[in-house]
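Going letter by letter, the sequence shown gives residues 660 to 860 in this note's numbering. Comments concern the structure below.
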Amino acid sequence: MKITIVDYGAGNLPSVERALRALGAETERAVEPSQIAAAKAIVLPGVGHFSAFVAGLRERNLTSSLRSAFEAGLPLLGICLGLQAMFASSEEAPGDAGLGFFPEAVRALPTNVKSPHIGWNQLRRMQASTLLRGIPDDAYFYFAHSYAAPASAKATVAACDHGVSFAAVIEQKSLKAVQFHPEKSGEVGAQVLRNFLEFIQ
């Protein structure tokens, strides 16, 4: 199945593209609504600032088509800022609305720990997970972020702790998202992507 990668100017898009192709997936970059409408499965990568992310989607008229894809139950994988954009808003950009798949707000990591949270960390599993199938409980994943969605979000299946517990893996029916970077997390990251590809077959 062809994977449609949302191209709003994200810096990590090429590395996500390479990681998926290394697993045998065919990919295409989507820069207009018609490509989202025709997609069979979507990956929403993201790095940088929340405001630039949502502005990039707006400028390409992709916001409503992504919301339509979510409502239609299309398989969708968010990565890093792509996860955060699925929420209603972020403290990083007050006044800028997210995609609103989840009602909570993304919050800044606490000031009593080093921020951004950059490097390897482990997950705390809370529910059964499609994306983490076959991955050891003590595996490490690569993170790079200063903001995070609350671990209390209803769809959270795994959390991570860095000053506060935050959502590291979110799964709700066909929607999946990870706060870490699978494309930078070695073999366990490749397994996360492999699990997503198997899920959409």
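From the three backbone atoms N, C-alpha and C, an ideal C-beta is built for every residue, glycine too. These numbers were taken from a predicted model, which means no experiment stands behind them.
Contact belief for residue i with residue j at Cβ below 8 Å, rounded distance in angstroms
i, j, result
"R719", "E750", "So it is not a contact: roughly 25 Å between Cβ atoms."
"A764", "S748", "5 Å"
"A812", "R784", "The Cβ separation is near 15 Å, so there is no contact."
"L682", "L856", "6 Å"
"S833", "L735", "7 Å"
"C819", "N854", "Between N854 and C819 the Cβ distance is about 18 Å, and since that is not below 8 Å, they are no contact."
"I662", "A684", "5 Å"
Residue i vs residue j beta-carbon contact at 8 Å
i, j, result
"S774", "S824", "no"
"P841", "I777", "no"
"A808", "F712", "no"
"Y667", "G715", "yes"
"I794", "V828", "no"
Backbone CA spacing between residue i and residue j [nearest angstrom]
i, j, result
"A729", "A700", "Reading off the sequence, residue 729 comes out as Phe, not Ala. About 11 Å."
"L740", "V702", "12 Å"
"P704", "N671", "7 Å"
"S727", "A689", "15 Å"
"P769", "G822", "6 Å"
"F800", "F839", "6 Å"
"A814", "A836", "10 Å"
"I664", "T789", "20 Å"
"M660", "D797", "31 Å"
"F761", "A849", "26 Å"
"S710", "Q786", "31 Å"
"I859", "A803", "27 Å"
"T686", "L782", "29 Å"
"R717", "E676", "22 Å"
"L852", "P753", "32 Å"
"G759", "K843", "27 Å"
"L721", "A810", "27 Å"
"A698", "S723", "14 Å"
"A767", "Q743", "11 Å"
"Q831", "V772", "30 Å"
"S693", "L791", "32 Å"
Bridge-paired residues (DSSP) for residue i
i, result
"Q781", "Y799"
"E685", "K661"
"Y806", "A767"
"V702", "I664 and L736"
"H840", "None; H840 has no bridge partner."
3 or more residues per run - each beta strand (DSSP E) lying fully within the region 808-838: DSSP runs (the beta strand (DSSP E)) wholly in the region 808-838: 815-820, 824-831 and 834-837.
Ranges of the alpha helix (DSSP H) found wholly within the region 708-768, counting only runs of at least 4: You should have 709-718, 722-730 and 740-743.
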